[in-house]
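Q: Residue numbers (this note's numbering): 710 to 1074. By construction, the Cβ of each residue, glycine as well, lies at the ideal position given by its N, Cα and C atoms.
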Ligand SMILES: [Mn+2]
């Protein structure tokens, strides 16, 4: 494991070392793994090179969007570091590469990108699961004292369910901030619902849930402003009061949806389907929570927004279905759609007019 991590992050350390005083853009998505990765890299560059990178939010949570290229051009960034974003269109990447040196830190299925610094543990072991935040934490640790970012590393890694292979991080957190882990004997998913670290993860995620991309940007801003999670919990950092308000709203809505799920869920073969009807983007958090209550079923939690339907796939602990493959198969024959993710958690998006086709695809699996 350690060897694999070292081999993976080696080129990242070289990339960061050579930056020295260039202009840097950090490109990120919207979920906790992405914003925590961005915060860790930002803090590292500030600490060792005394530079303040610019932050660029990608329009999508899974891909580098066109707006990123425009922003990078505007900023005249010589270095671009993208975190937890799996996809980039070839033409876009070519253009980006022509103006900047590019590093991608990701942990989704590798895409074979060339002429960039591509940091992805799955280039070496295709089934290894190490969240982007964990990789950023290991990079930080090689170049500076990681004690000050442990809590951020914990939030991002826990939120992406990266507990199994990242035990050293959680042992460190337990050692330096016992109260974040509490009396939990085992380092596993129980932390999400039964620890202060889990509560922090939910607080930061609620920004995205309630306010989408703007919320994610606000949450990331809080991560950059304080070295101390206690200040966040007390609402003392600027922006953190707002976060706590969003957390309150999203907890209330979450509980309403749990009740609604128990009444309205539908079962088809191995699939348990549920449509989230909410003004907030709750499906991913809901799917993750509910998956622990399943056994061999696969949850299909979907939400319509505008002309598109977004779907989160999660599986019960006993299921062995490959959800990355399921997400890809579920959108076969649908233009303007995309899908993928990880074996144990995946997502897709398609124009709602194909909903019948989507159901047909699921039934044929
Ligand atoms: Mn991730």
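Closest to residue 750 by C-alpha separation, out of 802, 799, 804 and 841, would be which residue?
A: The residue you call residue 750 lines up with position 41 of the chain shown. With distances taken between Cα atoms, residue 750 lies closest to 841.
Q: Can you confirm whether residue 838, when its beta carbon is compared against all beta carbons of chain C, has any partner nearer than 8 Å?
A: No chain C appears in this structure, which consists of one protein chain only.
Q: Could you spell out the range, first to last residue, of the alpha helix (DSSP H) harbouring residue 831?
A: In the chain shown, counting from the first residue as 1, residue 831 sits at position 122. First-last for residue 831: undefined, no H or E at that position.
Q: Check each residue's C-beta against every heavy atom of ligand 1 and list, in chain order, those closer than 7 Å.
A: Working through the chain, the matches are 740, 742, 743, 793, 816, 840, 841 and 869.
Q: In three-state DSSP terms, what is residue 1062?
A: Your numbering for residue 1062 matches position 353 in the chain shown. Looking at residue 1062 - three-state DSSP - the assignment turns out to be helix.
Q: Indicate whether residue 843 and residue 855 have their beta-carbon atoms separated by less than 8 Å.
A: Start at 1 with the first residue of the chain shown, and residue 843 comes out as number 134. Start at 1 with the first residue of the chain shown, and residue 855 comes out as number 146. Not in contact: residue 843 and residue 855 (Cβ atoms no closer than 8 Å).
Q: List in chain order: all unbroken beta strand (DSSP E) runs of 3+ residues lying wholly within the region 985-1043.
A: Counting whole runs of 3 or more residues, the region 985-1043 contains the beta strand (DSSP E) stretches 1007-1014 and 1017-1024.
Q: What does the alpha-carbon distance come out to for the pair residue 800 and residue 807?
A: Against the chain shown, residue 800 aligns to sequence position 91. Against the chain shown, residue 807 aligns to sequence position 98. Their backbone Cα atoms lie some 11 Å apart in a straight line.
Q: Please name the residue in 815, 917, 774 and 1016 whose C-alpha comes closest to that of residue 992.
A: To locate residue 992, count along the chain shown from 1; it is residue 283. Residue 992 has its Cα closest to that of 917, out of 815, 917, 774 and 1016.
Q: Considering residue 716, what are the terminal residues of the alpha helix (DSSP H) in which it resides?
A: Against the chain shown, residue 716 aligns to sequence position 7. That run of the alpha helix (DSSP H) goes 711-728.
Q: Can you tell me whether DSSP reads residue 1069 as helix, strand or coil?
A: The residue labelled residue 1069 in the question sits at position 360 within the chain shown. Here residue 1069 sits in helix by DSSP.
Q: With distances taken between CB atoms, is the gap from residue 909 to residue 900 smaller than 8 Å?
A: The count along the chain shown starts at 1 and reaches residue 909 at position 200. The count along the chain shown starts at 1 and reaches residue 900 at position 191. Cβ atoms of residue 909 and residue 900: not closer than 8 Å.
Q: Should residue 803 go down as buried or exposed, given a rule of 16 or more other Cβ atoms within 10 Å for buried?
A: One-based indexing of the chain shown puts residue 803 at position 94. Under this definition residue 803 is an exposed residue.
Q: What is the rounded straight-line gap between the Cα of residue 832 and the Cα of residue 1013?
A: Residue mapping note: residue 832 aligns to position 123 of the chain shown, counting from 1. Residue mapping note: residue 1013 aligns to position 304 of the chain shown, counting from 1. Computed Cα separation, rounded: 34 Å.
Q: With 16 as the cutoff for other CB atoms within 10 Å, does residue 1064 come out buried or exposed?
A: Here residue 1064 refers to the residue found at position 355 of the chain shown. So residue 1064 ends up on the exposed side.
Q: Take residue 1032 and list the residues in its own chain whose beta-carbon comes closer than 8 Å to its own, dropping the five residues that flank it on each side.
A: Taking the chain shown and counting its residues from 1, the one referred to as residue 1032 is at position 323. Around residue 1032: 1007, 1022, 1023, 1024, 1050, 1051, 1052, 1053, 1054 and 1055.
Q: From the DSSP output, which residues share a beta bridge with residue 796?
A: The residue you call residue 796 lines up with position 87 of the chain shown. Its beta-bridge partners are 772.
Q: Should residue 1001 and residue 898 be called a contact, given that it needs their Cβ atoms to be closer than 8 Å?
A: For the purposes of this step, residue 1001 is taken as the residue at position 292 of the chain shown. For the purposes of this step, residue 898 is taken as the residue at position 189 of the chain shown. Yes.
Q: With DSSP run on the structure shown, which of helix, strand or coil describes residue 937?
A: Residue numbering aside, residue 937 sits at position 228 when the chain shown is read from its first letter. Coil, per DSSP.
Q: So which of 783, 786, 780 and 912 has the shortest CA-CA distance to residue 949?
A: As a working note, residue 949 is residue 240 in the chain shown. Nearest option by C-alpha distance: 912.
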